[in-house]
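Residue numbers 2 to 259, in our numbering, belong to the letters of the sequence shown in order.
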Amino acid sequence: MYGAPIWCSALRRSKEHQRNLNRAWKRIAIRVISAYKTVALDAALLLARLPPLILLADARRRIYDESSRLRRKKQLTAQRTRAIRTEEMLTLREEWLDHLSRRGNWGRITIEAVIPEFDCWLDRGHGRVSFHLTQLLTGHGCFSAFLYKIRKLDNPRCTSCGGAVLDTADHTWRICSRWEINRRELVEIVGPDLSLRGIVHAMLRGERDWNAVSSFANSVMCIKEEEERAREGILPDPYLTFPPDTQEEMAQLDSEID
Ligand SMILES: [Zn+2]
């Protein structure tokens, strides 16, 4: 926290600094949840439980300012320090939630599923967000509709159930007949609501539900990946080569900062 007011003020003033730091912060979030780099910044941070850097910087500045004020008056105790931190972390959460509710469409599906469970998601003591689970929570992964959108496939439709509908995460969770047996096992544990919001709610009920969802994700996505490799060749590495930094990605970052 040393020097916090200086770098926080500099960060607030400079869009360029915000952009550069957001890129680095996003890379960390992407690693934490093993996401494709196309996942929106706000969705990646939420899934990784990392607050937006600008809000974190503001909270640290407030903690620094208040601690300094009390220290000058010789009123700073360990108990008071803890109370300041707790209070500012609560404020940070409120600001984060407000920030998420005012964002545009980037990552909206994921954000809207997690927002109703915001505190539970951040405070949970169980559950790791794995590579396959992240794909189903974001829609960025081995789905024909997504691969088509980023021009890695020439057909967005699901080949698992006849090719008549778009292959999306929602189609995989709720509809595709190919995964009927896996889905039945999942529903036995988490219940019938397989909307993304319903699934997140179930995951946060406890470890058993989280593991059932995670198991569904691993089983289904492994098969989808194997079939995609057989159909189209090797799937690109989501972190290193897939896709490159595109103008669209830059525009996304810009829109998230402005
Ligand atoms: Zn299907």
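Cβ atoms here follow ideal geometry from the backbone N, Cα and C, with glycine treated the same way.
Quiz item: How about Ile-64 and Arg-86: are their beta carbons less than 8 Å apart?
Solution: yes
Practice problem: For the alpha helix (DSSP H) containing Leu-51, list its first residue and its last residue. | Solution: Per DSSP, Leu-51 belongs to no alpha helix (DSSP H) and is neither H nor E.
Self-check item: Collapsed DSSP secondary structure at Arg-158 in the structure displayed
Solution: strand
Quiz item: Are the beta-carbon atoms belonging to Ala-218 and His-133 less than 8 Å from one another?
Solution: yes
Quiz item: Any idea what DSSP makes of Leu-12, helix, strand or coil?
Solution: helix
Self-check item: Length at least 3, wholly inside the segment 176-243: the beta strand (DSSP E) runs in chain order
Solution: none
Practice problem: Could you tell me whether the Cβ atoms of Thr-39 and His-202 are closer together than 8 Å? | Solution: no
Practice problem: Leaving out five residues on either side along the sequence, give the residues of the same chain with a beta carbon under 6 Å from the beta carbon of Ser-220. | Solution: Asn-183
Quiz item: Taking DSSP as the reference, what is the three-state secondary structure of Leu-77?
Solution: coil
Quiz item: Exposed or buried, His-127, counting other C-beta atoms within 10 Å across all chains shown (16 or more means buried)?
Solution: exposed
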